[in-house]
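*Asks:*
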Ligand code: HEM
Ligand code: HEM
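Residue numbers (the numbering used here), protein chains in the order written: chain A, 1 to 189; chain B, 1001 to 1193.
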């Protein structure tokens, strides 16, 4: 089952969810690491990988958004309160937004730095810069936006993970399991 | 044939007269030992990039000596020592990166040196210089093309170009985004010691 149903996520949504989850956590860690290590040679290479993986996340996130809009949404368990539905809905919207905005702000850093280091994604093809004016000030601005949004993203992911664990261990519903793709969707609706 | 010998190589090989601009110079005067002088010299380099402008810069501090053996070009020699910490690209952040352990590692490495092992005439005013280039603890062969530019009383100047690969010196950070090849374009003005 590739597509979602009202009962559960299809394989495409599940694969995208976990691939992007792993990439984002790795990407965040890589972002902090490449900035803090002393070895400038390694740092240069890590920044190139960071740009490559970040743009991959952007491409996957676009596809995921389209897929999401073209598929039914699995319903939440019937007993989920209105507030919980709201919280889940807005967290998911914010996560979608950040999956796209986060890479764009990173791309803006690479496009405004006066260092003008070309982006050779995965050492395979050149990705053009965004049409922005280069200056130290513009780069610093985008870098701080990128950093702040990175923390916001991390916070939301943490909240999201805690919610998932709450569903599984406290509420004992099928919400986490259906995103794991294990067996037929369990739903109490 | 005699006219053709009005050249650097001929001059190095000895015995003939070389015109610097219009004035003929007595070769016996030109043979000798010269010190490369920072005033009148420049040591520029450029590295191409797969997109965009690449990196270009120069070294501000270096010293060296040219020994012209009036009778034997092969016995002539060049040595030059560059202070890597003097690299300048016009962009402080690029300089900082070049000085870091990614490239020159100036905290630990204080010199890049070239020592010629052979000079071979290639034309009226030109010669190929081969030798060993040492940087960051690696020594590897390097070749430069030299052309006599001008000379006067007690001084001589050459235009020297060459391609040096970064990889043999462990300085190939950023390839292939930035080329492995460093193009050197130097003007060496030397004064007789
Ligand atoms: C979801 C995707 C991304 C995440 C989670 C992410 C995360 C991060 C983090 C946590 C940092 C360190 C911030 C700091 O400490 O100041 C960082 C820095 C950076 N990121 Fe990203 N990033 C993403 C996408 C991208 C993309 C697509 C690009 C470029 C095409 C990019 C370019 C950069 C650059 C150039 C820096 C260094 C900024 C600086 O020097 O302050 N990032 N990123
Ligand atoms: C960077 C990491 C993550 C991001 C960006 C992310 C994003 C999202 C988004 C946007 C949705 C909504 C999917 C949709 O309805 O289209 C979702 C659903 C879900 N996520 Fe994550 N997620 C991440 C990590 C995790 C982790 C680590 C877990 C588990 C501990 C998890 C568990 C779930 C579950 C169970 C659902 C399904 C919720 C439902 O059935 O309504 N997620 N995630």
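Virtual Cβ for every residue (Gly too), placed ideally from N, Cα, C.
#1: Got a sec: does ligand 1 put a non-hydrogen atom nearer than 7 Å to the Cβ of residue 174 (chain A)?
#2: If you follow the beta strand (DSSP E) that residue 1081 (chain B) is in, where does it begin and where does it stop?
#3: Residues of chain A with a CB under 7 Å from the CB of residue 1189 (chain B): which are they?
#4: Which of the three DSSP states, helix, strand or coil, is assigned to residue 51 (chain A)?
#5: Checking the sheet assignment: what are the DSSP bridge partners for residue 1183 (chain B)?
#6: In this structure, does DSSP put residue 123 (chain A) in helix, strand or coil?
#7: Report the three-state DSSP secondary structure of residue 1095 (chain B) (helix, strand or coil).
#8: Counting only Cβ pairs nearer than 7 Å, list the residues of chain A close to residue 1094 (chain B).
#9: By the 10 Å Cβ neighbour count, where 16 or more other Cβ atoms means buried, how is residue 90 (chain A) classified, buried or exposed?
#10: Closer than 6 Å by C-beta to residue 168 (chain A): which residues in its own chain qualify, once you throw out the five before and the five after it? Chain order, please.
#11: In whole angstroms, what separates the C-alpha of residue 1022 (chain B) from that of residue 1177 (chain B)?
#12: Spell out whether any CB of chain B is found under 8 Å from the CB atom of residue 2 (chain A).
#13: In angstroms with no decimal places, state the Cα-to-Cα distance between residue 1078 (chain B) and residue 116 (chain A).
#14: Where does residue 1027 (chain B) land, buried or exposed, given buried means 16+ other C-beta within 10 angstroms?
#15: Going by CA-CA distance only, name the one from B:1188, B:1107, B:1170 and B:1189 that's closest to residue 1180 (chain B).
#16: To the nearest angstrom, report how far apart residue 995 (chain B) and residue 140 (chain A) are at their CA atoms.
#17: Going along the region 32–66 of chain A in order, which residues come within less than 9 Å of chain B, judged by CB to CB distance?
#18: Determine whether the Cβ of residue 1174 (chain B) lies closer than 8 Å to any Cβ atom of chain A.
#19: Can we say the region 1111–1121 of chain B touches the region 1080–1098 of chain B, given the rule of at least three CB pairs closer than 8 Å?
#20: Short of 7 Å Cβ to Cβ, which residues in the region 1101–1123 of chain B face chain A?
#21: When you check each C-beta in the region 1033–1056 of chain B against every C-beta of chain A, which residues fall closer than 8 Å?
#22: In chain A, which residues lie less than 9 Å from residue 1183 (chain B) when you measure between Cβ atoms?
#23: Hey, how far is the Cα of residue 1024 (chain B) from the Cα of residue 1153 (chain B)?
#24: Could you tell me whether the Cβ atoms of residue 20 (chain A) and residue 69 (chain A) are closer together than 8 Å?
#25: Cα separation between residue 100 (chain A) and residue 1104 (chain B)?
#26: Which residues of chain B have a Cβ atom closer than 9 Å to the Cβ of residue 120 (chain A), listed in chain order?
#27: Got a sec? Which residues, its chain only, sit under 8 Å from residue 134 (chain A) by beta carbon, not counting five neighbours each side?
#28: Compare the C-beta of residue 1144 (chain B) against all C-beta atoms of chain A and say whether one is closer than 8 Å.
#29: Could you name the residues of chain B that residue 126 (chain A) contacts, counting a contact when the two beta carbons are closer than 8 Å?
#30: Ignore the nearest five residues each way along the sequence and tell me which others in residue 1061 (chain B)'s own chain have a CB closer than 6 Å to its CB.
#31: Give the residues whose C-beta lies closer than 7 Å to at least one heavy atom of ligand 2, in chain order.
*Replies:* Straight from the coordinates:
#1: no
#2: 1077–1082
#3: Result: empty, since nearest Cβ-Cβ is about 33 Å, beyond 7 Å.
#4: helix
#5: B:1046 and B:1163
#6: coil
#7: helix
#8: 115
#9: exposed
#10: 176
#11: Note on residue 1022 (chain B): pLDDT 36, under 50, position unreliable in the model; no value is reported.
#12: no
#13: 37 Å
#14: Unreliable positioning characterises residue 1027 (chain B) in this predicted model, as indicated by a pLDDT of 43, which lies under 50. The coordinate reading is nonetheless provided below. It counts as buried.
#15: B:1170
#16: Residue 995 (chain B) lies beyond the range of chain B shown here (1001 to 1193); nothing can be said about it.
#17: 38, 39, 40, 41, 42, 43, 44, 45 and 48
#18: yes
#19: yes
#20: 1101 and 1102
#21: 1049, 1050, 1051, 1052 and 1053
#22: Going along chain A, no residue has its Cβ under 9 Å from residue 1183 (chain B), so there is no contact; the nearest lies around 18 Å.
#23: For residue 1024 (chain B), the predicted structure reports a pLDDT of 37, less than 50, and the residue's modelled location is therefore unreliable. A value from the coordinates is still provided. Distance between the alpha carbons of residue 1024 (chain B) and residue 1153 (chain B) is about 11 Å.
#24: no
#25: 38 Å
#26: 1050, 1051, 1176 and 1177
#27: 111, 112, 113, 114 and 116
#28: no
#29: 1050 and 1051
#30: 1083 and 1086
#31: A:9, A:13, A:17, A:20, A:21, A:24, A:25, A:68, A:73, A:74, A:76, A:88, A:92, A:95, A:96, A:99, A:157, A:160, A:161, A:164, A:165, A:167, A:175, A:176, A:178 and A:179
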